[in-house]
Structure formats: C-alpha cells, structure tokens
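Inspection log for the structure reproduced underneath, given as structure tokens.
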Amino acid sequence: MDARIAPLRLTLGLAAGALIAGTLAAAQETPAPVSAGGTVYNIEVIVFRATGVPGGAENWSAEAGAGTRSIVAGDESASGSAQVGHFVAMLPASVWQLTELDNRLRASGTYVPVAHVAWSQTASSWGTRAGFALQRLGINVQGLSGTVFLERGQFLHLGVSLAYAMPSPPPGLGAAPDTPFTLNESRRVHFYERNYFDHPAFGVIALVTPLQGVRAPGR
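Okay, so the sequence shown: first residue is 596 according to this note's numbering, each after it adds one.
This is the structure:
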C-alpha cells in the first residue's frame, strides 16, 4: 500500500484487529441462500475522494495509459462452468452497515464520500471479470466510471476496475483537471470484513455479507 494512504486507516481506526474475531471467523464460511441463479450476496460500497494529498507529483499520464485492467493478487482457479453474476436488487439505506463510517469520512475533512450504495447479486465465475457498471448500481458521479465485480472460484473475490477524471484533483498530486486516475484491484474477501481499495486520489471501501447475514452497525 502506498505510504501516502496509510493515514486513512490510522484516522478511521479500522484495523483488522478491531473486528470481533470469534464472530468474524464463524461468519466467513457461512453460505448465503441459493436462488435459481446461484448463491446471493449483499455488497455495500463507499467511493470517496481525498481533499488533499501530501507528497510530490507523479506521472499520472502513464497511469491513465494503463486503462482499467483488473489487477489480481494471488492464484485462483475456476470451478465448474463459467457463469455470469446476476443482479438481484438494490438495498435500501435502512439496511446499510457502513453508514457510521460514511459519517466519519465526511467529518474528517480529509476524505469526502462521493457515492454510497448497496445491492444484492450472485457471483460470476473466477476469471470472467464480469461485473456491473457503476450506473447500473446507482452511482452517477461526474468523471467516475467503471465496474465492480464479484467472482467465485475456490474463494470469493471482490474487484473494482474504475477510472475517475476529477474536475479538481486533490492538491499535492500535481495533476491537471480531468486527469483520469485508475483503480484496478481484486482481492479475496470474507463476510463482514471491510475491504479497502486504495489510491492517492480516491478509494473504495466495500463490505460483502451473506444475504441473510445483515447485522447492526458496529457489531
């Protein structure tokens, strides 16, 4: 992780050790209900941007040339025939579990949430990178585009492939207006564990839970 992003985790106090280990360990292997289209999962996502970033400028044009390819850590293999995830439904704010975190970001003065949504879906087969466009998920932010994908092989992975061309990039990045910043990452996820997708200009915090596994914020 870029050293410039480390203050985010320190400020919010969301280290993995803060999670309730016993409850999390039991939840990680809890299967979600199976629908006609497969196992259904809830996904909640906050997209946020930085208001300022310490450090020097970088060659952002080189990053933009990389496009929005998915970058995956670790080896995985698909199981069974390839399937494409099925969108089930948007979830109302009344069942969101990251609302308190959203409020803390807004109060920090350092990070500003630009989108917060949640939905239910089945997973695509590993390696397909088949996800849903941000617009399909109800995210309509100027300059922000890309997809979020959930894949299942031996393990469950959540990935983002995003580009964000901000009219006013955070000071300290040395980037011109509308410079496209890209965030491409996929990682193994566990139920109820907050996942961070980091970039100096913007980032994503995501939570994956089983369909029946919604629990009160802070638990």
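Glycine residues also receive a C-beta, built at the ideal position from the N, C-alpha and C atoms.
Which of the three DSSP states is assigned to T717 in this structure?
Walking along the sequence shown from the start, residue 717 turns up at place 122. If DSSP states are grouped into helix, strand and coil, T717 belongs with the strands.
Applying the 10 Å Cβ sphere with the 16-neighbour rule, what's the burial state of E695?
As a working mapping, residue 695 is identified with position 100 in the sequence shown. Exposed, because fewer than 16 other Cβ atoms sit within 10 Å of the Cβ of E695.
Are V707 and L732 closer than 8 Å when you measure CB to CB?
Residue 707 sits at position 112 when you count from the first residue of the sequence shown. Residue 732 sits at position 137 when you count from the first residue of the sequence shown. Not closer than 8 Å, so no.
Starting from the Cα of V683, find the closest Cα among A645, N735 and I638 and give me that residue.
Mapped onto the sequence shown, residue 683 falls at position 88. Of A645, N735 and I638, the residue nearest in Cα terms is I638.
Taking Cβ positions, are F786 and V803 nearer each other than 8 Å?
The residue given as residue 786 occupies position 191 in the sequence shown. The residue given as residue 803 occupies position 208 in the sequence shown. Yes, Cβ-Cβ distance for F786 and V803 is below 8 Å.
Please report the distance separating the alpha-carbon of N698 from that of P687.
Working through the sequence shown from its first residue, we reach residue 698 at position 103. Working through the sequence shown from its first residue, we reach residue 687 at position 92. Using only the alpha carbons, I get a separation of about 17 Å.
How would you label A677, buried or exposed, when you count the other beta carbons within 10 angstroms and need 16 or more for buried?
The residue you call residue 677 lines up with position 82 of the sequence shown. Exposed is the call here.
Just mark M761 as buried or exposed, buried being the case when its beta carbon has 16 or more other beta carbons within 10 Å.
Against the sequence shown, residue 761 aligns to sequence position 166. Burial call: buried.
Of the residues L778, S763 and N779, which one's Cα is nearest the Cα of P772?
Locating residue 772 in the sequence shown gives position 177, counting from the first residue. Answer by Cα proximity: S763.
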